[in-house]
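Read top to bottom, the protein sequences are chains A and B. Counting from 1, position 470 in the first sequence corresponds to residue 1121 in the numbering used here; the numbering is continuous, with no gaps. Counting from 1, position 82 in the second sequence corresponds to residue 91 in the numbering used here; the numbering is continuous, with no gaps. Glycine residues also receive a C-beta, built at the ideal position from the N, C-alpha and C atoms.
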Amino acid sequence: MQLTGAQALIKSLEMERTEVVFGMPGGAILPAYDPILDSSIRHVLVRHEQGAGHMAEGYAQVTGRPGVCMVTSGPGATNLVTALCDAYMDSVPMVAITGQVARPVIGTDAFQEGDTVGITRSVTKHNELVMRPEDIPLAVRQAFLLASTGRPGPVLLDLPKDVLQSTTEWHWPDDTELAASLPGYKPTTKGHPRMVREAVRLMTGASRPVVYAGGGILKARASEALRELAELLDAPVVTTLMARGAFPDSHRACLGMPGMHGNYAAIMALQEADLIIALGARFDDRVTGRVASFAPGAQVVHVDIDPAELGKIRRADVPIVGDCRLVIEEMVRVLRASGEDQADRRAWWATIDDWRQRFPLYYEPQLPGDLLKPQAVIEAIRDAAPEATTLVAGVGQHQMWASQYWRFEQPGTWVNSGGLGTMGFAVPAAIGAKVGRPDRTVWAIDGDGCFQMTAQELVTASAERIPVKVAILNNAYLGMVRQWQEMFYEERYSEVYLSPDLPDYVKWAEAMGCAAFRVESPDDVGPVVDKANAIDDRPVVIDFRTDSREKVFPMVPAGASNSDVIVHPALRPGGEKVVQ
Amino acid sequence: MSGAAPATGPWVSGSGRARHQTISVIVENRAGVLARVSALFARRGFNIISLAVAPTDDESFSRVTIVVDLEETSVEQLTKQLFKLVNVVKITEMVPGEAIERELALVSVRCAPPGGPGPSRGEVGELVRIFGGSVVDVGHEALTVMLAGQPSTLDDFEELLRPYGIIDIQRTGRVALPKLERPTARRGAGHN
């Protein structure tokens, strides 16, 4: 069967069971947009290529399958770079297809030419300029394999226009050909048995263990195994920003998020532990604070599918390369078989319960005449949300509050930009998440600063009938920067004021085809959220006018030790909040 | 091999200035792979001292021999990061004393024609002969000489040529292979 390169591309995407492609056509990728008309694949036409990338990420994070996006050469590809980098930092499986100028003019500074493979080399797990039409099917198979196995990540294929136009004999490579084409790619999935036994020995003997669960738990679909391990060990679990939902917040052993804006008990449990069991986590600086003083008394068991993470930041006493689910299941099996008694953990739990009791998440109730408390808005949305609602966040204060005040009970219900911290992530990622799991309600918690970066994708959502709900916590500021300026720059506010009503978010949302509301009074929060939940035929945007003075607590200042965590003023000695 | 290299620990080069480690990397022989390797070094802040690359006996693979500065870098983290590149097939850390390391230098050096002022061709030629190098080009007032050998020998050679006036020097960077294994009972048996 003779196909054009473009037909071979679309057929290859179909062979990989691609349901949807987020993209935008342009000169060099034009040939690929013709066969898409005849394909079963849904195409979502974005308004900016960055949106296509974040939508693919949102889709991937809720389905566990690679998100696919397709854009043209030059500016199309460069607009995708932020999303690629974001996906790379958060290990999100993604396949990006970019058009490239025709082979004869590559290197001549042709119209819309960019060195896409060069530009994206450091923000992709792998990329490839495909120079022959007959290589397209294998390149697509490789891309999906690389994106979704080992440590997942974005893979980019750059396709010159004339490669898409010329014809080739269709051949879909089998598994043997695929394996032979990647002689250097052999991710280790099964943990070393001796290391696993050594890890179990440390776990059994530890009197102050903490499970430090990272995003790898979700990538490996290891939530069930994690729960079994934690219960067997009777050990507390902290879930990083990337792992919210990997372990149910309602579980007694769940201490919530560690790190810069983590729960006090989670921060301190890591800090005071005698054994940290790091599972699919990478000792990010936002978790460790100053590394030299992080968890000084802890031994470390570190499980990761990426060998380079072991020992990168913190030396592991027991490093285990492997897939989190397989390794944890093996740990559980060894633990059960050993029959040895766990060390006495009663004192440890008493300490932890005391931290939880004395330093809960806290914000002061709203006083009459004040603007809304952002935390209260999140709680109201949370309490009215249908089960298994997907929560998406942008980056900043609202993201931290969303992580803190939501209750995550299932994997794949939280989508955010962790490693790269990409403002503007929420709206497009929410759209991708809704496309991936249309059965689930999707709420995006966004900041006013973030919203202005990518809001135009709500046009996409309206046109494609993707009914996401966006709550803008509009405090008229770049809130997190404002918080730092208040705390560390003597309240010298520099370039952080945005205005609450420029733009008029309600009018803007309506212009983009959304239902839109403004909420200023606490009494209106619940009813408007109910209204939003009832709307299912178009996107909804709510402009919540929130108090810019609210800060995210607890907080570990950048570069400080986690032991120096700052709690809410009311919880400090002499603070007015009395904890029974 | 002089056997002067320490038995364990990172290599100390002939110049003795920095701690070096030689890494031999087998990569797929395809467009852009060298760029991936060097980009990774740049991005992770690893410092390359020298780099040599050529296809292996199997044309679909190349061997890249990299000498890295270990002052700032953990060789373990470096090899792990390198191995994340999809086109990297195999990495061997060359342990000093257990690897054969060689380098080639071409040096153009000043010397006077017969009867002219200053050091003569003969003097330079003698030095080349002592080191086992060869003269590969002859000009009126210069010679180009070649020497292949251990990097530390090349360092010495370069030092001794310097007073004559080096016009140009090109060293290849080092290439290396692990020493061949030879079953032997010498150790412990005390035959010699």
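Going by C-alpha to C-alpha distance, which of Met675(A), Thr733(A), Tyr739(A) sits closest to Cys720(A)? As a position in the first sequence, residue 720(A) is number 69, starting the count at 1. Among Met675(A), Thr733(A), Tyr739(A), the Cα nearest to that of Cys720(A) belongs to Met675(A).
Check the Cβ-Cβ distances between Arg52(B) and every residue of chain A, and say whether any is below 8 angstroms. As a first step, residue 52(B) must be located in the second sequence, where it is residue number 43. Under the 8 angstroms criterion on CB atoms, Arg52(B) is classed as interfacial with respect to chain A.
Kindly confirm or deny that the segment 778 to 786 of chain A and the segment 795 to 814 of chain A touch, where touching means at least three C-beta pairs closer than 8 angstroms. Result yes; three or more Cβ-Cβ pairs closer than 8 angstroms.
Could you check which residue in Gly677(A), Ala711(A), Gln1017(A), Ser690(A) has the C-alpha nearest to that of Ile1082(A)? The residue labelled residue 1082(A) in the question sits at position 431 within the first sequence. Considering only alpha carbons, the answer is Ala711(A).
Okay, do the segment 971 to 980 of chain A and the segment 835 to 853 of chain A touch, 3+ Cβ pairs below 8 angstroms being the bar? Taking 8 angstroms as the limit for Cβ pairs, the verdict is that the segment 835 to 853 of chain A does touch the segment 971 to 980 of chain A.
Per DSSP, which residues does Gly907(A) bridge with? Please list them. Looking up residue 907(A) in the first sequence gives position 256. DSSP lists Val889(A) as partners of Gly907(A).
For Ser799(A), decide whether its Cβ has a neighbour in chain B, counting only Cβ atoms nearer than 8 angstroms. By one-based count along the first sequence, residue 799(A) stands at place 148. With a threshold of 8 angstroms between beta carbons, Ser799(A) makes no contact with chain B.
Contacting residues, own chain, Cβ-Cβ under 7 angstroms from Val983(A) (five flanking each side not counted): Position 332 of the first sequence, counted from the start, is the residue given in the question as residue 983(A). These residues qualify, in order along the chain: Ala876, Glu879, Leu880, Leu883.
Measure the C-alpha to C-alpha separation of Pro1154(A) and Asp1175(A) and round it to an integer number of angstroms. Numbered from its first residue, the first sequence carries residue 1154(A) at position 503. Numbered from its first residue, the first sequence carries residue 1175(A) at position 524. Whole-angstrom Cα-Cα distance: 22 angstroms.
Tell me, to the nearest whole angstrom, how far the beta carbon of Gly910(A) is from that of Ser1212(A); I am working on the premise that it is less than 8 angstroms. The residue labelled residue 910(A) in the question sits at position 259 within the first sequence. The residue labelled residue 1212(A) in the question sits at position 561 within the first sequence. Contact doesn't hold; Cβ gap of about 13 angstroms is too wide.
Report whether the distance from the Cβ of Asp1194(A) to the nearest heavy atom of the ligand FAD is below 7 angstroms. By its list of ligands, the structure shown contains no ligand whatsoever, and the ligand FAD lies outside what it can speak to.
With C-beta atoms as the reference, is Gly182(B) less than 8 angstroms away from Val118(B)? Here residue 182(B) refers to the residue found at position 173 when the second sequence is read from its first residue. Here residue 118(B) refers to the residue found at position 109 when the second sequence is read from its first residue. In this structure, Val118(B) does not lie closer than 8 angstroms to Gly182(B) by Cβ.
Does any C-beta atom of chain B lie closer than 8 angstroms to the C-beta of Tyr1056(A)? Along the first sequence, one-based indexing puts residue 1056(A) at 405. Not closer than 8 angstroms to any Cβ of chain B, the Cβ of Tyr1056(A) fails to qualify, so no.
Please report whether the beta-carbon of Gln30(B) lies at a distance below 8 angstroms from any beta-carbon of chain A. On the second sequence, position 21 is the one that residue 30(B) refers to. At a cut-off of 8 angstroms between beta-carbon atoms, Gln30(B) makes no contact with chain A.
4 or more residues per run - each alpha helix (DSSP H) lying fully within the segment 40 to 64 of chain B: If only complete runs of 4 or more residues are kept, the segment 40 to 64 of chain B shows the alpha helix (DSSP H) at 42 to 53, in order along the chain.
Run through DSSP, which three-state label would Ile928(A) get? By 1-based counting over the first sequence, the position of residue 928(A) is 277. Strand, per DSSP.
Would Thr767(A) be called buried (16 or more neighbouring beta carbons within 10 Å of its own) or exposed? The residue labelled residue 767(A) in the question sits at position 116 within the first sequence. By the neighbour-count rule (16 or more Cβ atoms within 10 Å), Thr767(A) is buried.
Would you list, in sequence order, the uninterrupted beta strand (DSSP E) runs of no fewer than 3 residues that lie entirely inside the segment 107 to 143 of chain B? If we require 3 residues or more, the beta strand (DSSP E) runs fully inside the segment 107 to 143 of chain B come out as 108 to 119.
Taking the Cβ atom as the reference point for each residue, do Leu735(A) and Gly769(A) lie within a distance shorter than 8 angstroms? Working through the first sequence from its first residue, we reach residue 735(A) at position 84. Working through the first sequence from its first residue, we reach residue 769(A) at position 118. Their beta carbons are not under 8 angstroms apart, which means Leu735(A) does not touch Gly769(A) by this criterion.
Taking 8 angstroms as the limit between beta carbons, can you name the residues of its chain near Gly765(A), skipping five residues before and five after? Position 114 of the first sequence, counted from the first residue, corresponds to residue 765(A). By the criterion of a C-beta distance shorter than 8 angstroms, Gly765(A) is surrounded in its chain by Ser724, Gly725, Pro726, Ala728, Thr729, once the five residues flanking it on both sides are discounted.
Going by DSSP, what residues sit across from Glu779(A) in a beta bridge? As a working note, residue 779(A) is residue 128 in the first sequence. Answer by DSSP bridge pairing, in chain order: Leu808(A).
Which ranges does the beta strand (DSSP E) cover as unbroken runs of at least 3 residues, wholly within the segment 809 to 844 of chain A, from first to last along the chain? As far as the segment 809 to 844 of chain A is concerned, its whole beta strand (DSSP E) runs of at least 3 residues are 818 to 820.
Residues of chain B with CB under 8 angstroms from Ala959(A), in chain order? Position 308 of the first sequence, counted from the start, is the residue given in the question as residue 959(A). Near Ala959(A) (Cβ distances below 8 angstroms), the residues of chain B are Gln86, Lys89, Gln90, Phe92, Lys93.
Rounded C-beta distance between Thr1073(A) and Leu815(A)? I'm assuming under 8 angstroms. Counting from one through the first sequence, the residue named residue 1073(A) turns up at place 422. Counting from one through the first sequence, the residue named residue 815(A) turns up at place 164. Between Leu815(A) and Thr1073(A) the Cβ distance is about 30 angstroms, and since that is not below 8 angstroms, they are no contact.
Comparing C-alpha positions only, which one of Glu708(A), Thr827(A), Ser1172(A), Phe1204(A) sits nearest to Pro1019(A)? The count along the first sequence starts at 1 and reaches residue 1019(A) at position 368. If we check each option's Cα against that of Pro1019(A), Ser1172(A) comes out closest.
To the nearest angstrom, how far is it from the Cα of Asp935(A) to the Cα of Gln922(A)? Against the first sequence, residue 935(A) aligns to sequence position 284. Against the first sequence, residue 922(A) aligns to sequence position 271. If you draw a straight line from the Cα of Asp935(A) to the Cα of Gln922(A), it is about 14 angstroms long.
Presumed contact (8 angstroms Cβ cut-off) between Pro1240(A) and Trp1052(A), rounded CB distance: Nothing about residue 1240(A) can be reported from this structure: the residues present for chain A run from 652 to 1231 only.
Closer than 8 angstroms, CB to CB, is Arg772(A) near chain B or not? Within the first sequence, residue 772(A) is the residue found at index 121, counting from 1. It does: the Cβ of Arg772(A) has a partner Cβ on chain B nearer than 8 angstroms.
6 angstroms CB neighbourhood of Pro686(A) in its chain, flanking five on each side removed: Here residue 686(A) refers to the residue found at position 35 when the first sequence is read from its first residue. Here Pro686(A) has Ala657, Gln658, Ile661 as same chain residues with Cβ atoms under 6 angstroms from its own Cβ, once five neighbours each way along the sequence are excluded.
In terms of residue numbering, what span does the beta strand (DSSP E) encompassing Tyr863(A) cover? Within the first sequence, residue 863(A) is the residue found at index 212, counting from 1. Run containing Tyr863(A): 860 to 864, per the beta strand (DSSP E) assignment.
Check this for me: beta carbons of Ala904(A) and Ile927(A), under 8 angstroms apart or not? The count along the first sequence starts at 1 and reaches residue 904(A) at position 253. The count along the first sequence starts at 1 and reaches residue 927(A) at position 276. Pairing Ala904(A) with Ile927(A) gives a Cβ-Cβ distance that is not under 8 angstroms.
Taking Cβ-Cβ distances shorter than 7 angstroms, what residues in chain A pair up with Asn96(B)? Indexing the second sequence from 1 puts residue 96(B) at position 87. Those are Gly835, listed as they occur along chain A.
Pull up the distance between the alpha-carbon of Pro860(A) and that of Gly750(A), whole angstroms please. Taking the first residue of the first sequence as position 1, residue 860(A) is located at position 209. Taking the first residue of the first sequence as position 1, residue 750(A) is located at position 99. About 51 angstroms.
Within the segment 1033 to 1080 of chain A, ranges of the beta strand (DSSP E) (whole runs, at least 3 residues): Complete beta strand (DSSP E) runs here, min 3: 1041 to 1044.
Could you name the residues of the segment 961 to 975 of chain A whose beta carbon sits closer than 7 angstroms to any beta carbon of chain B, in the order they occur along the chain? If the cut-off is 7 angstroms between Cβ atoms, the segment 961 to 975 of chain A has Gly962, Lys963 near chain B.
From the DSSP output, read off the bridge partner residues of Pro970(A). Taking the first residue of the first sequence as 1, we reach residue 970(A) at position 319. DSSP lists His953(A) as partners of Pro970(A).
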